[in-house]
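Written out below as structure tokens is the structure these notes cover.
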Amino acid sequence: MYNKLQYISQGESAEEQLYNIHQALDNGCDWIQMRFKHQKPKKTFALAEAVKFLCEEYLANFIINDDVHLAEQIAADGVHLGLLDMSVAEARTILGKTKIIGATANTFENIVQHVNNDCDYIGLGPFQYTKTKTNLSPILGFEGYRNIISKMKEAQVEIPLYAIGGIQLEDVDILMRTGIHGIAVSGLVTKSDQKEKLITELNEKLYGNVII
Numbered sequence: 001m002y003n004k005l006q007y008i009s010q011g012e013s014a015e016e017q018l019y020n021i022h023q024a025l026d027n028g029c030d031w032i033q034m035r036f037k038h039q040k041p042k043k044t045f046a047l048a049e050a051v052k053f054l055c056e057e058y059l060a061n062f063i064i065n066d067d068v069h070l071a072e073q074i075a076a077d078g079v080h081l082g083l084l085d086m087s088v089a090e091a092r093t094i095l096g097k098t099k100i101i102g103a104t105a106n107t108f109e110n111i112v113q114h115v116n117n118d119c120d121y122i123g124l125g126p127f128q129y130t131k132t133k134t135n136l137s138p139i140l141g142f143e144g145y146r147n148i149i150s151k152m153k154e155a156q157v158e159i160p161l162y163a164i165g166g167i168q169l170e171d172v173d174i175l176m177r178t179g180i181h182g183i184a185v186s187g188l189v190t191k192s193d194q195k196e197k198l199i200t201e202l203n204e205k206l207y208g209n210v211i212i
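What follows is the structure, given as structure tokens:
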């Protein structure tokens, strides 16, 4: 089963991105989603190559945000697709059956569509307001997760769900009780000046105090 903690990278430059990713890996995060938007292809490719090398060194999963062709080109572990990106079905034809394909969802209907198109996991959100993304979908909150997961159980739809969007350490216990598989965080890890302590605490909450 997939790791319960995903780090979505941040940084205005490739150097910042690489530094932040290295910090996350070095302090106990073993799933990296590289999100480096609106950059020149050569710069993005060079960063992706460096991140892939790092993730291999740390035995971490390496997922690329949005760019299916880049994920194929450098043989990343998979790709994560937003609501307005390439469809999961099209990405699957390009990447094949062995690669991980995750997708963003905001509603139960989004989830059903992704599952029918052979998606592997869902980033469900936003949990609450976040500055990381523009054009946010409607905020879900705890009740939104409970409602969607209840509909999934009724319809017997099963897929790992990751809560995403403005999650703080104090939110994790209640979020996990809704039935999600894990969380995806960005600014929480990037901005922390005690990354090892934070990531250890997150993993303890996510895995039920089991040391991993």
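Heads up, the sequence shown is in the numbering used here, so the first residue is 1 and it goes up one at a time. Virtual Cβ for every residue (Gly too), placed ideally from N, Cα, C.
field: Top-ranked residue by Cα proximity to F127, from N116, I139, Y121 and L25
entry: Taking the sequence shown and counting its residues from 1, the one referred to as residue 127 is at position 127. It is I139 whose Cα lies nearest to the Cα of F127.
message: Comparing C-alpha positions only, which one of G208, A184 and D193 sits nearest to C29?
response: Working through the sequence shown from its first residue, we reach residue 29 at position 29. Ranking the options by Cα distance to C29, first place goes to A184.
query: Roughly how many whole angstroms lie between the Cα atoms of N106 and N20?
result: The residue you call residue 106 lines up with position 106 of the sequence shown. The residue you call residue 20 lines up with position 20 of the sequence shown. Cα to Cα, N106 sits roughly 27 angstroms from N20.
query: With respect to the beta strand (DSSP E) encompassing V157, which residues constitute its N-terminal and C-terminal limits?
result: Here residue 157 is taken as the residue at index 157 of the sequence shown, counted from 1. Run containing V157: none; DSSP gives neither H nor E here.
message: Cutting at 8 angstroms between CB atoms, please list the residues of its own chain near L175, excluding the five before and the five after it.
response: On the sequence shown, position 175 is the one that residue 175 refers to. So the qualifying residues of the chain are F127, F142, Y145, A163, I167 and I183.
- prompt: Sorted by chain position, which residues of the same chain lie with C-beta nearer than 6 angstroms to K99's C-beta, five sequence neighbours on each side aside?
  reply: Walking along the sequence shown from the start, residue 99 turns up at place 99. If we look at K99 and ignore the five residues flanking it on each side, its Cβ neighbours are G78.
For F142: DSSP bridge partner residues: By one-based count along the sequence shown, residue 142 stands at place 142. DSSP lists no partner for F142.
query: Where F62 and V88 are concerned, what is the direct C-alpha to C-alpha distance, given to the nearest angstrom?
result: Reading the sequence shown from its first residue, position 62 is the one you call residue 62. Reading the sequence shown from its first residue, position 88 is the one you call residue 88. Going by the C-alpha atoms only, they are around 18 angstroms apart.
field: DSSP state of I167 mapped onto helix, strand, coil
entry: Stepping through the sequence shown from its first residue, residue 167 is reached at position 167. In the structure shown, I167 sits in coil (DSSP, three-state: anything other than H, G, I, E or B).
Alpha carbon of K153 to alpha carbon of E15, nearest angstrom: Here residue 153 refers to the residue found at position 153 when the sequence shown is read from its first residue. Here residue 15 refers to the residue found at position 15 when the sequence shown is read from its first residue. Looking at the two C-alpha atoms, the distance is approximately 44 angstroms.
- prompt: Quick one: complete alpha helix (DSSP H) runs, 4+ long, within the stretch 81 to 105?
  reply: 88 to 95
message: Runs of 3 residues minimum, wholly inside the stretch 8 to 73: which ones carry the beta strand (DSSP E) assignment?
response: 31 to 34 and 61 to 65
task: Verify whether the separation of the beta carbon atoms of L188 and L5 is less than 8 angstroms.
output: Your numbering for residue 188 matches position 188 in the sequence shown. Your numbering for residue 5 matches position 5 in the sequence shown. No, the Cβ-Cβ distance between L188 and L5 is not below 8 angstroms.
message: For the beta strand (DSSP E) containing L124, name the first residue and the last one.
response: One-based indexing of the sequence shown puts residue 124 at position 124. Segment Y121 to L124, the beta strand (DSSP E) holding L124.
task: Have a look at the DSSP bridge pairing and note the partners of V172.
output: As a first step, residue 172 is located in the sequence shown; it is residue number 172 there, counting from the start. None; V172 has no bridge partner.
message: I'd like to know whether the C-beta atoms of D173 and K197 end up nearer to each other than 8 angstroms.
response: Position 173 of the sequence shown holds residue 173. Position 197 of the sequence shown holds residue 197. Their beta carbons are not under 8 angstroms apart, which means D173 does not touch K197 by this criterion.
task: Report the option in G125, F53 and K97 whose CA atom is closest to the CA atom of S137.
output: Here residue 137 refers to the residue found at position 137 of the sequence shown. The shortest C-alpha separation from S137 is found at G125.
message: Our contact map puts I101 next to D120 with C-beta atoms below 8 angstroms; I'd like the distance itself, whole angstroms only.
response: Counted from its first residue, the sequence shown places residue 101 at position 101. Counted from its first residue, the sequence shown places residue 120 at position 120. I101 to D120, Cβ: 5 angstroms. Contact.
- request: Could you tell me the boundaries of the alpha helix (DSSP H) in which I183 lies?
  value: As a position in the sequence shown, residue 183 is number 183, starting the count at 1. Where I183 is concerned, there is no enclosing alpha helix (DSSP H), although the beta strand (DSSP E) it sits in stretches over G182 to V185.
Close beta carbons around H22, own chain, < 7 angstroms, minus the five adjacent residues each side: Mapped onto the sequence shown, residue 22 falls at position 22. Excluding sequence neighbours, H22 sits near L54.
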